[in-house]
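Novice:
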Amino acid sequence: MSGTKRAVNPPNDEDVIMNKDEIGGNWKQLKGKAKEQWGKLTDDDMTVIEGKRDQLVGKIQERYGYEKDQAEKEVSDWEHKNDYRW
Numbered sequence: 000m001s002g003t004k005r006a007v008n009p010p011n012d013e014d015v016i017m018n019k020d021e022i023g024g025n026w027k028q029l030k031g032k033a034k035e036q037w038g039k040l041t042d043d044d045m046t047v048i049e050g051k052r053d054q055l056v057g058k059i060q061e062r063y064g065y066e067k068d069q070a071e072k073e074v075s076d077w078e079h080k081n082d083y084r085w
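With numbering that gives the first Met the number 0, the residue at position 28 of the sequence shown is 27, and numbering never jumps.
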């Protein structure tokens with residue numbers, strides 16, 4: 000090995016847009032599973048959540064009366080079960 004280091008280029012706007020699109024696509028696929036898991040979530044809730052983890056946690060707290068830690072654990076468990084990454 001030569002010991003030279005390669006520069007890492009920061010993501011450009013196109014990369015960021017693509018990542019947001021990928022996240023949105025994944026969310027659309029898993030939205031039904033989220034509603035199965037948390038049946039009290041409404042279609043309006045799902046529109047607000049729209050792939051944002053913190054919104055999902057907040058809506059679970061709101062609908063189920065959970066403390067933040069409990070809602071976070073449920074979302075974490077659901078993520079692992081469904082192999083979901085935000």
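Glycine residues also receive a C-beta, built at the ideal position from the N, C-alpha and C atoms.
Note that this is a predicted model, so its numbers are computed, not measured.
Quick test of your reading: I59 and W26, contact by CB under 8 Å. State the CB separation rounded to the nearest angstrom.
Specialist: The pair is not a contact, with the Cβ atoms about 15 Å apart (cut-off 8 Å).
Novice: By DSSP, does D20 sit in helix, in strand, or in coil?
Specialist: At D20 the pLDDT is 45, less than 50, meaning the model places this residue with poor confidence; the figure from the coordinates comes in the next sentence. DSSP places D20 in helix when its eight states are reduced to three.
Novice: Between the alpha carbons of T41 and K34, how many angstroms are there, rounded?
Specialist: Rounded to the nearest angstrom, the two C-alpha atoms are 8 Å apart.
Novice: Assign V15 to buried or exposed, taking buried as 16 or more other Cβ atoms, counted over all protein chains shown, within 10 Å of its Cβ.
Specialist: Residue placement at V15 is flagged as unreliable, the pLDDT there being 40, under the threshold of 50; the coordinate-derived value follows with that caveat. V15 comes out exposed.
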